[in-house]
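Trainee: Sending over a structure as structure tokens; questions will come in a sec.
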Amino acid sequence: MMRWVLRLFSLLALAGFSAAVWYAGPLIRYADTRPLGPVWLRTTIIGVAVALLALFYGIRFWQARKAQKAIETGIVRSGDRNDDSGVLEARMSEAIATLKQSSGRRNFLYEIPWYIIIGPPGAGKTTALVNSGLKFPLAGSGNAQPLAGVGGTRSCDWWFTEDAVLIDTAGRYTTQDSDAERDKASWLGFLGLLKKYRTRQPINGVILAISVADLIGFDDQQLDAHVTEIRSRLRELHETLKIQFPVYLLLTKADLVAGFMDYFGDFDEARRRKVWGATFQTTDRNRNMVSETSAEFDALARQLADEIADRLQDETDPVARIAIFGFPAQFAALRTRVVRFVTSLFDASRAQVNVSLRGLYFSSGTQEGTPIDQVLGAIGRNFGSASQAHLSGTGKSFFLHDLLAKVIFPEAGWVSFDRTAERRARLARFGSLAAIALAAFAALGVLGLSYFANESLIGSTRQAMAQYRDGADSLLRSTTVTDVDLENVIGPLDQLRNLPAGYETAGQTKPIEESFGLSQRERLLSASKSAYRQALERSFRSRLLVQAERTIQAKMADPIALYEPLKIYLMLGGKAPKVDDELIVSWMKQDWEENRYPGENNREGRAQLEKHLRAMLALDDAYDPVFELNQPLVEAAQRSLGRMSLADRASALIRSAVYAAKLQDFSVAAKAGPEAQLLFERMDGAELADLGVPGLYTKAGFNGFYLPQLSRIAQMLVDDQWVLGGGGEQGGIDQDLPRLGPELIDRYGKEFASAWNGALDQLKFKAMLKDKPQYITLSAAASPGSPLDRLFTAIADETALTKDGAAFAGDTGTAQQDPVVMAKGLARIGLQIAGGKSQSRAGASSSATQNAGATVEAQFRPFQALVSGSS
């Protein structure tokens, strides 16, 4: 069936592939070409596909014929080897020929499971098969010669049932005690033949047959010897066949346990077919369940004891009743030997390979010999029977049929495959077929997938746009903007930004299912970006401009505060020769955080606004703003700025960069340490934690931010003259630059001192004696690491701008700025950073310059001397 399914699948795949190439091929576009448009090219592709499929099945047919010929005639002759390989090869060839004839299928070697039966001589392996009740449809043809009773199996017999092949091996293969070298060679040769004919899965399991008589009669040494030999055979099976297989332990000749026939003899055929034993309950094929043996054996013994009342009631013969009564005890007496045998054989700590014991079962193929009375022999003699009668050997079979037919055979899949052989066979079987099938399904499937994926994308975009229009109706209908409320526009802008093919997804990789010549994502993305840009212009930029206009009007009397809003306004309106996106973002973020939308509860809203602002600025690269600015307002602001001094303009430029720099403020509470609250308090009663100095007026702020800004300020002033309009271009600023640096340093020094004095003026000591008798405040003040000492040390360090060879000293440079470039920039505005090397590099005149850092810190030197203890 599977063979015909695969053939039908191949033909359908070829037909689908051909149809896809012929009809859908011309629809595929790459750039401006249709690569599959020409008829000859499509015909060639279809012809190649047909040829590949024909070649695949031709190779398959040739391989099958070759393999079949090897099976029928390719058995290597044994020559003069001193083992049974020749006999085994003949038996194997005969068995395969019979199986081929009965199945009539190419894969007959793998259609039904194969099981190998091993065990010591006289274990009753053949007897169990003969009396199992299974159907052997080929037995009459002479292919299987059952050898019942004594005599044994010389090499191996092949038993072909309707559901499985059972290979009955000679007992000497297991024990190898007759001729060890020859027996071992025969055994390994037998395994090699199995591996040769069933490469991927030589067997589906092992039935290990052990006689109950051997378990009872052997002493410990003999039993251990059997365990060693059997374990060796199992290891050889595993190493040669390279598979993990289940082992079914069959304890035969259970009728030799005294009372067996009395207890079970009256069972009808249906009950005698059932299983008497235990299959370990697990789904893990590699799990070792040996530890469950004792519990399972006890369960079987309890079952016998539970049914003993019914059996005694049905039995009238007093001698038989004694035997029935004693049978559970007789069976329980086997426990020690069975558990010892199983544990010794299958314990993972002793075995060199992990062999899976699937279950243990008791059976009786025929009844012969004398039952062994382990418990009640004396009681039997008191009732006139010295011993159990010798069984005739022509009895019934017990507990075999269902074990094989309903337990072992259905678990054929429990065995693993030889991975190497399975991988090789799988590749050979499905490689070419999969290539053709994949090509066909790829041609049809991807086109269909692409169509439906793009149709879904279009539909979801259309639906999202409808929702946007419904929610933004008022915004869309308005023609003028008079409000500056940005909260109402966040939602509609988010909807447009997050369209299925919207601006948010622009940088993402296009899903593969939308490709293959049918993709509409680029067109939808272009339309979505256009709609998003228009919304940003109409509802976002317009409100930003209105807010900037209001800020300009409010700051008109303060030129320093007016400079930055006007610059931002001109940039947003497209009237700047160069737009600084980061400056706009920084100014807007500061305005939102400090004025428009302050507080933690507005953090998410501010983040959304920043996303839309950055998107708007990014889209400006392709589209120029279309708004007309308030020109009278701009001119009035520029006239106001025209009255600014050069130093005022420079200060405004520097201040505009402070927010983006994220400078760390000086915190009094943090610097004074954890006991600051014990010693200090504020004059105004506010929280001490809020008292501090802006980061601009710290050592890091001066060296890492202010000085680099000063070194660039001359060029920044030149570049920013456009902000002043026509008035800014009337005269140059070069003649005023040499005086600019000292003036800015002087202004910075005053602001520096004001910031520190303002903070320190707010600080006062708490009452030292108020908390007597503990005097906690006084103790904190007098301690070695007191808050006072910590705070004064920190203040002295932060105000010593030239201490420890700071960056402005000129030889190490400032953060991320070349010291030579910095020195030249400072020299341009009349500042000299200390150090001759930097001075000579910059080419500055020392007579026209001053030491910037020393000038600022000079007013704090008395305080620093007080802290350091120097005069």
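Residue numbers (the numbering used here): 26 to 896.
Backbone N, C-alpha and C define an ideal beta-carbon position, used for all residues, glycine too.
Nearest-angstrom Cα distance between A40 and S481?
Mentor: Answer to the nearest angstrom: the Cα atoms are 28 Å apart.
Trainee: If you reduce the DSSP assignment to three classes, tell me which class I433 lands in.
Mentor: Three-state result, I433: helix.
Trainee: Three or more C-beta pairs closer than 8 Å, one from the region 586-594 and one from the region 527-538: is that the case here?
Mentor: No, the region 586-594 does not touch the region 527-538.
Trainee: By how many angstroms is the C-alpha of P699 removed from the C-alpha of K791?
Mentor: Using only the alpha carbons, I get a separation of about 16 Å.
Trainee: Give the straight-line distance between the Cα atoms of R487 and S544, rounded to the nearest whole angstrom.
Mentor: Cα to Cα, the separation comes out at about 16 Å.
Trainee: In the structure shown, what three-state DSSP assignment does Q578 receive?
Mentor: Here Q578 sits in helix by DSSP.
Trainee: With a 10 Å radius around its C-beta and 16 neighbouring C-beta atoms as the bar for buried, classify G405 as buried or exposed.
Mentor: Interpretation of G405 is limited by its pLDDT of 49, a score under 50 that renders its predicted location unreliable; the figure taken from the coordinates is listed afterwards. Buried, since its Cβ has 16 or more Cβ neighbours within 10 Å.
Trainee: As a quick exercise: from K603, A852 and L788, pick the residue whose alpha carbon is nearest that of P733.
Mentor: Looking at the Cα atoms, A852 is the closest of the given residues.
Trainee: Could you tell me which residues DSSP puts in a beta bridge with W183?
Mentor: Bridge partners of W183: I192.
Trainee: With W612 as the anchor, note down where its alpha helix (DSSP H) starts and where it stops.
Mentor: Where W612 is concerned, the enclosing alpha helix (DSSP H) stretches over D606 to D616.
Trainee: How many angstroms separate the CA atom of R362 from the CA atom of R223?
Mentor: Taking the straight line joining both Cα atoms gives about 37 Å.
Trainee: How would you label R327, buried or exposed, when you count the other beta carbons within 10 angstroms and need 16 or more for buried?
Mentor: The residue is exposed, with fewer than 16 neighbouring Cβ atoms inside 10 Å.
Trainee: Output needed for G726: all residues of its chain with C-beta closer than 7 Å, excluding positions within five of it in sequence on either side, in chain order.
Mentor: Correct list, in chain order: L688 and G720.
Trainee: Note the first and the last residue of the continuous alpha helix (DSSP H) segment covering K220.
Mentor: Looking at the DSSP string, the run of the alpha helix (DSSP H) that includes K220 is A205 to Y222.
Trainee: I'd like to know whether the C-beta atoms of V881 and I770 end up nearer to each other than 8 Å.
Mentor: Going by C-beta atoms, V881 is nearer than 8 Å to I770.
Trainee: By how many angstroms is the C-alpha of G290 removed from the C-alpha of P343?
Mentor: Between P343 and G290, the C-alpha separation is close to 15 Å.
Trainee: Rounded to whole angstroms, what's the CA-CA distance from A74 to V440? Just pull it up for me.
Mentor: C-alpha separation (whole angstroms): 38 Å.
Trainee: Can you tell me whether DSSP reads Y386 as helix, strand or coil?
Mentor: Correct three-state label for Y386: strand.
Trainee: For A682, I'd like the list of residues in its chain whose CB is within less than 7 Å of its CB, leaving aside the five on either flank, ordered along the chain.
Mentor: Result list for A682: Q734, in chain order.
Trainee: Alpha carbon to alpha carbon, how far is D744 from A601? Give it in angstroms, no decimals.
Mentor: About 11 Å.
Trainee: Considering Cα atoms alone, identify which of V367, K535, A573 and F817 is closest to K696.
Mentor: When only C-alpha atoms are compared, the closest one is F817.
Trainee: Output the boundary residues of the alpha helix (DSSP H) element that contains V231.
Mentor: Here V231 belongs to no alpha helix (DSSP H); instead the beta strand (DSSP E) covers G230 to S236.
Trainee: In whole angstroms, give me the CA-to-CA distance for F885 and T576.
Mentor: So the alpha carbons of these two residues sit roughly 38 Å apart.
Trainee: Return the CA-CA distance between M708 and P812, expressed in angstroms with no decimal places.
Mentor: Using only the alpha carbons, I get a separation of about 17 Å.
Trainee: Can you tell which of I333, Y622 and F285 has the C-alpha that lies nearest to the C-alpha of G390?
Mentor: Cα-wise, what sits closest to G390 is F285.
Trainee: CB-CB under 6 Å to Q520, same chain, minus the five flanking residues each way: which ones, in chain order?
Mentor: Correct list, in chain order: Y493.
Trainee: Output the boundary residues of the beta strand (DSSP E) element that contains L549.
Mentor: Counting along the chain, L549 falls outside any beta strand (DSSP E), though it belongs to the alpha helix (DSSP H) covering R546 to A560.
Trainee: Quick check on the DSSP output: the beta strand (DSSP E) that includes A303 runs from which residue to which?
Mentor: Per DSSP, A303 belongs to the beta strand (DSSP E) from G302 to T304.
Trainee: Short check: CB of L642 to CB of I609, under 8 Å?
Mentor: A contact, by the Cβ cut-off of 8 Å.
Trainee: With DSSP collapsed to three states, give me the class of T308.
Mentor: Of the three classes helix, strand and coil, the one that applies to T308 here is coil, per DSSP.
Trainee: Report, in whole angstroms, the separation of the C-beta atoms of L385 and T277, which I expect to be a contact under 8 Å.
Mentor: At roughly 12 Å, the Cβ-Cβ gap does not stay under 8 Å, so L385 and T277 are not in contact.
Trainee: Report buried or exposed for D339, applying the criterion of at least 16 other Cβ atoms within 10 angstroms of its Cβ.
Mentor: Exposed, since its Cβ has fewer than 16 Cβ neighbours within 10 Å.
Trainee: Can you check whether the CB of A148 is closer than 8 Å to the CB of A79?
Mentor: Cβ distance not < 8 Å, so A79 and A148 don't count as in contact.
Trainee: Check the C-beta distance from N156 over to L425 and give it rounded, since I have them as a contact under 8 Å.
Mentor: With a Cβ gap of about 7 Å, N156 and L425 count as contacting.
Trainee: Indicate the three-state DSSP secondary structure (helix, strand or coil) for T839 in the structure shown.
Mentor: Confidence in T839 is poor, its pLDDT being 40 and thus under 50, which makes the residue's placement unreliable; the coordinate value appears in the next sentence. T839 falls in the strand class under three-state DSSP.
Trainee: Helix, strand or coil for A411, going by three-state DSSP, please let me know.
Mentor: In this prediction, A411 has a pLDDT of 42, which is less than 50 and means its spatial position is unreliable; what the coordinates show is noted afterwards. A411: coil per DSSP, three-state reduction.
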